[in-house]
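Chains G and X are the protein sequences, given in the same order. Everything in the first sequence is counted per my numbering, starting at 2 for the first residue and increasing by one. Everything in the second sequence is counted per my numbering, starting at 43 for the first residue and increasing by one. C-beta atoms are modelled at their ideal positions from N, C-alpha and C, and glycine is treated no differently. Computed from a prediction, not measured in an experiment: that's the story for all the values here.
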Amino acid sequence: DGGITQSPKYLFRKEGQNVTLSCEQNLNHDAMYWYRQDPGQGLRLIYYSQIVNDFQKGDIAEGYSVSREKKESFPLTVTSAQKNPTAFYLCASSIGQVGEQFFGPGTRLTVL
Amino acid sequence: DQQVKQNSPSLSVQEGRISILNCDYTNSMFDYFLWYKKYPAEGPTFLISISSIKDKNEDGRFTVFLNKSAKHLSLHIVPSQPGDSAVYFCAASDGTGGFKTIFGAGTRLFVKA
């Protein structure tokens with residue numbers, strides 16, 4: 002049963018703490034993405050990776066970091082430098098450059 | 043600067059009638075357009091797409107129309123069903139420019155029984 006999993010579904014952290022969001026896919030997709038969704042806004046691209054050991058900044062990369070050590074995994078770390086980290090975070094993957102992306106269920110991060 | 047705009051935050055339609063969701067874009071380099079559907083607390087799921095070489099693509103109850111000269115696309119759902127109630131995102135990408143897909147802010151569709 003192929004798909005993308007994100008964990009946890011809800012996450013609470015204190016201000017000033019780093020937190021890592023998990024994203025795993027078993028679709029054998031080369032490309033993976035992290036988006037952030039805020040109320041009334043579309044999905045904004047944080048980082049994307051075209052291939053293992055390579056990743057590129059998206060439109061709002063400041064305060065975030067990623068790694069892509071395995072094809073299946075693309076974890077996102079929200080650092081203390083991110084000024085407004087409370088949001089809904091979505092991970093996605095795709096076969097290639099153009100075409101549909103497959104999304105995980107999302108993680109809602111709340112920083113207290 | 044929003045390159046993909048969905049100007050209607052919400053739309054309410056009676057069951058059985060047609061739903062028309064609109065999307066405008068500003069970047070003439072976009073050549074591939076997608077619609078995604080999203081239920082609350084879930085990730086978006088792909089619905090239908092269209093390449094810039096076409097002006098219409100149909101899949102069951104869903105049809106996407108593309109007007110390149112107006113930089114406008116629309117999603118038609120007919121007949122609308124209560125299960126279609128969700129947020130619909132329009133998205134666009136430049137096939138020559140890498141992996142970036144730009145999403146609109148979404149339109150929340152309510153289909154009343």
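To the nearest angstrom, how far is the alpha carbon of S23(G) from that of F75(G)? 7 Å
By DSSP, does D55(G) sit in helix, in strand, or in coil? strand
Within chain X, the residues that Q42(G) reaches when beta carbons sit closer than 8 Å: A147
Among Y65(G), G59(G), G105(G), whose alpha-carbon lies nearest the alpha-carbon of S50(G)? G59(G)
Endpoints, beta strand (DSSP E) assigned at E100(X): 98 to 101
Using the Cβ count rule (16 or more neighbours within 10 Å means buried), how would you classify T143(X)? buried
Hey, does S70(X) have any beta-carbon neighbour from chain G nearer than 8 Å? no
Have a look at the DSSP bridge pairing and note the partners of M33(G). S50(G), S94(G)
Taking Cβ positions only, does P86(X) come closer than 8 Å to chain G? yes
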